[in-house]
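Worksheet: one structure, shown below.
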DNA sequence: CTTCTGTATGCAAGCGCTTGCATTTTTGCT
DNA sequence: AGCAAAAATGCAAGCGCTTGCATACAGAAG
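Residue numbers (the working numbering), protein chains in the order written: chain A, 156 to 504; chain U, 156 to 504.
Given below as structure tokens:
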């Protein structure tokens, strides 16, 4: 086969390579590569010629090859518990948008709240050549952290801020946030509280939130016995059932704090079913301040969480870290208790 | 440097390669590669030896290299309008879980409902070596489709089913679904309708839904003049405003169909603010049947959409296509009108 | 006109893996 | 035991790109 033939056949076959561009513009592949990656190192004249060839051939770099040669993929990974929880999806959206701004793409994996699965996903993303990783919360197997360390993988923990943890994180102090909310509740005279939370095993966020409630109670000299905690999976339906369970306690709590707005919405619905008026008979609060909080009746008192800022901030920190500038300190973002109708004064007994 | 030194230095340096494994287990790199990819082509005995080496060295394949050599990345891409809409996030979750089952990872991009941005994202994902692509809806630039064609990229359109479109899709018939819902509404005596929808430009799903309402009205010999359509961005707040706008029409509609549950929830909230009772004074319906539908008061009549099945089905079809078996026909999944309290008989005039 | 700098470009060696083909070993028969 | 066929393994050529170093060539300086 003549060189001539070869060329035309290749052109026909489709996907042009660096070499095709080099040939078309009469320079070496090295120059083309530089044109694309360090334009300033190439004469304006050749650059124009090369770019023209790139355009006419419809050339697009092969990232696998680039990654192999340059040891950098331009891909960041994120492992979230689940995308079903809108909260993580929103954070990811922000993360993704910021990354896109830097020409980085997002590889997504979900752990279903399982540390083992998460470890597997971390392995997968590392193997896939992720340049950096976004993780949710601090709780995970030591093996996972060892892996991250060993591969010197830039990574950040979001959705949590815990100064006692050494690794880089961006988020809020779940404990403090929940303590503030609980304090608002106690201020209104409630003395027996219920908490509906997602599983606390392997989940520092939920654990901290429950601890926050305890903190608030302790500060008011209430006994831990006055707190009723029920764990349940995510969902409005499960929230409803958990609420019912709590309401069966004797004496029953006068306020129920839920770990997120969806659980709270379920609780609200169940309260209605049970003929309990909110907040007259019982107060209910949510967490996250999603749209749901304003949609339900009565509107939910909740805690506004900086999802967007966490996602975007995490992206920025990781981008910087990848270029060698690892931020010194974790970033604490603030939350805000948003008071709405679902929280009222404790009923007179 | 002696071979001995070299080995130990490499071990020290970290990331082991196929060659390290080959050396450690006394076979060729080809055998190791086969061990990992086509285990059945290797003796059990050697396999055991190789796997042992893999384990002790903590070897993990470099996917960039693999992709480069095998022309297959094991990465599928998905471009959704946004992750902020829980509906897409849920579908993606299903998609992702199914992919994970096949050892495939998910690259996510969002288009923010912009065809230009989407085209860019398609380019990016192709360059990134995605083996297949998941897209939402049929509307996009011809250039995007040309690109897909040219690169022979397996792709599927989800969230829509339109037999008149040639390309592979999995979803439901938005028009038919909405027509069914609208028919239910008309059956209850409503003769003037309002529709709150997301932008219809570049969005076949919303366009079809509005068309579905028109279909239903036409079937009952109602004039198009009796339909009031308002476009608005996604969000409860915007839904509320759109509802207010519609309620200012004279004569005002007695039922308002919303393109999704969030908009409907906003409408419901606004109705309350305006002192309108739902469904006595005005009926409201949603779409998607998310948890929100059951959370609000009154509960929303909505259309249940098979998000999970779409995500999972799309993954399956793409996996098959990648292996050469492109499904012949698009798949139509069914929806279901879920009647709840927000829809009632038209008020007596 | 030569020598020296500095900049633009080319050369070619990989990056770590897969895979077609060649070679060796094993298996099943006679 | 001897042979062909089948199975297992090895060889080595890439896959498309980046990048350290060598080379070429420009203009400045002598």
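A virtual CB, placed ideally from N, CA and C, is assigned to each residue, including glycine.
Here the structure is a predicted model, which means the values were calculated and not measured.
> Are there 16 or more other CB atoms within 10 angstroms of the CB of residue 446 of chain U, so buried, or fewer, so exposed?
Replying inline: Here residue 446 of chain U is taken as the residue at index 291 of the second chain, counted from 1. With 16 or more other Cβ atoms within 10 Å, it is buried.
> Nearest-angstrom Cα distance between residue 282 of chain A and residue 194 of chain U?
Replying inline: Within the first chain, numbered from 1, the residue matching residue 282 of chain A stands at position 127. Within the second chain, numbered from 1, the residue matching residue 194 of chain U stands at position 39. The straight-line gap from Cα to Cα measures roughly 20 Å.
> Which residue spans inside the stretch 461-497 of chain U form an unbroken alpha helix (DSSP H) run of at least 4?
Replying inline: 462-477
> Just curious, the beta strand (DSSP E) that residue 232 of chain A is in, first and last residue?
Replying inline: Reading the first chain from its first residue, position 77 is the one you call residue 232 of chain A. Element bounds for residue 232 of chain A: 230-235.
> In terms of residue numbering, what span does the beta strand (DSSP E) encompassing residue 452 of chain A cover?
Replying inline: If you number the first chain from 1, residue 452 of chain A lands on position 297. Here residue 452 of chain A belongs to no beta strand (DSSP E), and DSSP marks it neither H nor E.
> Between the stretch 202-213 of chain U and the stretch 227-247 of chain U, do at least 3 Cβ pairs fall closer than 8 Å?
Replying inline: The answer is no - the stretch 227-247 of chain U does not touch the stretch 202-213 of chain U, with fewer than three Cβ pairs under 8 Å.
> Of all the options U:399, U:335 and U:431, which has the alpha carbon lying nearest to the alpha carbon of residue 349 of chain U?
Replying inline: Counted from its first residue, the second chain places residue 349 of chain U at position 194. Comparing Cα-Cα distances from residue 349 of chain U to each of U:399, U:335 and U:431, the minimum goes to U:399.
> Can we say the stretch 258-277 of chain A touches the stretch 292-299 of chain A, given the rule of at least three CB pairs closer than 8 Å?
Replying inline: Touching, yes.
> Leaving out the 5 sequence neighbours to the left and right, which residues in its chain are closer than 6 Å to residue 230 of chain A when beta-carbon positions are compared?
Replying inline: Within the first chain, numbered from 1, the residue matching residue 230 of chain A stands at position 75. So the qualifying residues of the chain are 260, 262 and 285.
> Which chain A residues are close to residue 501 of chain U, counting only those with a beta carbon under 8 Å from its beta carbon?
Replying inline: Counting from 1 along the second chain, the entry for residue 501 of chain U is found at position 346. Ordered by position in chain A, no residue passes the 8 Å Cβ test against residue 501 of chain U, which lies about 24 Å from the chain.
> Nearest chain A C-beta to residue 380 of chain U closer than 8 Å, yes or no?
Replying inline: Within the second chain, residue 380 of chain U is the residue found at index 225, counting from 1. So no, residue 380 of chain U is outside the interface.
> What's the C-alpha gap between residue 294 of chain U and residue 233 of chain U?
Replying inline: Here residue 294 of chain U is taken as the residue at index 139 of the second chain, counted from 1. Here residue 233 of chain U is taken as the residue at index 78 of the second chain, counted from 1. For residue 294 of chain U and residue 233 of chain U, the distance between alpha carbons rounds to 15 Å.
> Can you tell which of U:435, U:420 and U:467 has the C-alpha that lies nearest to the C-alpha of residue 451 of chain U?
Replying inline: Taking the second chain and counting its residues from 1, the one referred to as residue 451 of chain U is at position 296. Among U:435, U:420 and U:467, the Cα nearest to that of residue 451 of chain U belongs to U:420.
>> For residue 247 of chain U and residue 256 of chain U, I'd like the C-alpha separation in whole angstroms.
In response: Working through the second chain from its first residue, we reach residue 247 of chain U at position 92. Working through the second chain from its first residue, we reach residue 256 of chain U at position 101. Going from the Cα of residue 247 of chain U to the Cα of residue 256 of chain U covers about 14 Å.
>> For residue 199 of chain A, report the span of its beta strand (DSSP E) as first-last.
In response: Walking along the first chain from the start, residue 199 of chain A turns up at place 44. That residue, residue 199 of chain A, is in no beta strand (DSSP E); its alpha helix (DSSP H) goes 199-212.
>> Is residue 260 of chain A close to chain U? Criterion is C-beta to C-beta, closer than 8 Å.
In response: Within the first chain, the letter at position 105 stands for residue 260 of chain A. Yes, because at least one Cβ of chain U sits closer than 8 Å to the Cβ of residue 260 of chain A.
> So does the stretch 340-358 of chain U actually touch the stretch 407-424 of chain U, counting three or more Cβ pairs closer than 8 Å?
Replying inline: yes
> Can you find a C-beta in chain A that's less than 8 Å from the C-beta of residue 228 of chain U?
Replying inline: Here the question's residue 228 of chain U lines up with position 73 in the second chain. Closer than 8 Å: yes.
> Can you list the residues of chain U that residue 438 of chain A reaches, using a CB-CB cut of under 8 Å?
Replying inline: The sequence position of residue 438 of chain A within the first chain is 283, counting from 1. Under the 8 Å cutoff, chain U gives no residues; its nearest Cβ is about 17 Å from residue 438 of chain A.
>> According to DSSP, is residue 311 of chain A part of a helix, a strand, or is it coil?
In response: The residue you call residue 311 of chain A lines up with position 156 of the first chain. Strand.
> When we look at the beta-carbon of residue 198 of chain U and count the other beta-carbons within 10 Å, is it buried (16 or more) or exposed?
Replying inline: By 1-based counting over the second chain, the position of residue 198 of chain U is 43. So residue 198 of chain U ends up on the exposed side.
>> Residues of the stretch 442-460 of chain U in Cβ contact with chain A at a cutoff of 7 Å, in chain order, please.
In response: 446, 447, 449, 450, 451 and 452
> In chain U, which residues lie with their C-beta within 9 Å of the C-beta of residue 429 of chain A?
Replying inline: The count along the first chain starts at 1 and reaches residue 429 of chain A at position 274. Going along chain U, no residue has its Cβ under 9 Å from residue 429 of chain A, so there is no contact; the nearest lies around 15 Å.
> Distance, Cα to Cα, residue 317 of chain A vs residue 235 of chain A?
Replying inline: Position 162 of the first chain, counted from the first residue, corresponds to residue 317 of chain A. Position 80 of the first chain, counted from the first residue, corresponds to residue 235 of chain A. When rounded, the distance between both Cα atoms is 19 Å.
> Is there a Cβ from chain A that is less than 8 Å from the Cβ of residue 309 of chain U?
Replying inline: The count along the second chain starts at 1 and reaches residue 309 of chain U at position 154. Cβ-Cβ to chain A under 8 Å: no for residue 309 of chain U.
> Assuming residue 326 of chain U contacts residue 313 of chain U under a Cβ cut-off of 8 Å, what Cβ separation, rounded to an integer in Å, is found between them?
Replying inline: Along the second chain, read from residue 1 onward, the residue named residue 326 of chain U stands at position 171. Along the second chain, read from residue 1 onward, the residue named residue 313 of chain U stands at position 158. So it is a contact: roughly 5 Å between Cβ atoms.
> In chain U, which residues lie less than 7 Å from residue 106 of chain A when you measure between Cβ atoms?
Replying inline: Because chain A spans 156 through 504 in this model, residue 106 of chain A falls outside it and cannot be assessed.
> Distance, Cα to Cα, residue 208 of chain U vs residue 180 of chain U?
Replying inline: Numbered from its first residue, the second chain carries residue 208 of chain U at position 53. Numbered from its first residue, the second chain carries residue 180 of chain U at position 25. Rounded to the nearest angstrom, the two C-alpha atoms are 6 Å apart.
>> With distance defined between alpha-carbon atoms, name the residue in A:356, A:335, A:363 and A:228 nearest to residue 308 of chain A.
In response: Residue mapping note: residue 308 of chain A aligns to position 153 of the first chain, counting from 1. The residue with the shortest Cα to Cα distance from residue 308 of chain A is A:228.
>> Please tell me whether residue 196 of chain U has its Cβ less than 8 Å away from any Cβ of chain A.
In response: Reading the second chain from its first residue, position 41 is the one you call residue 196 of chain U. False, the Cβ-Cβ gap to chain A never drops below 8 Å.
> Is there a Cβ from chain U that is less than 8 Å from the Cβ of residue 296 of chain A?
Replying inline: As a first step, residue 296 of chain A must be located in the first chain, where it is residue number 141. It does not: the Cβ of residue 296 of chain A has no partner Cβ on chain U nearer than 8 Å.
> Which residues of chain U have a Cβ atom closer than 9 Å to the Cβ of residue 278 of chain A, listed in chain order?
Replying inline: As a first step, residue 278 of chain A must be located in the first chain, where it is residue number 123. Residues of chain U passing the Cβ test: 215.
>> Just to make sure I have the definition right: I need the residues of chain U whose C-beta is within less than 7 Å of the C-beta of residue 218 of chain A. Which are they?
In response: Taking the first residue of the first chain as position 1, residue 218 of chain A is located at position 63. What residue 218 of chain A touches in chain U: 282, 283 and 284.
> Does residue 211 of chain A come within less than 8 Å of chain U when only Cβ atoms are used?
Replying inline: One-based indexing of the first chain puts residue 211 of chain A at position 56. It does not; no Cβ of chain U falls within 8 Å.
>> For residue 468 of chain U, tell me which candidate among U:351, U:385, U:456 and U:485 has the shortest Cα-Cα distance.
In response: As a working mapping, residue 468 of chain U is identified with position 313 in the second chain. Nearest C-alpha to residue 468 of chain U: U:485.
> Which runs of the alpha helix (DSSP H) spanning at least 4 residues fall entirely within the stretch 361-445 of chain U, listed in chain order?
Replying inline: 391-402 and 416-428
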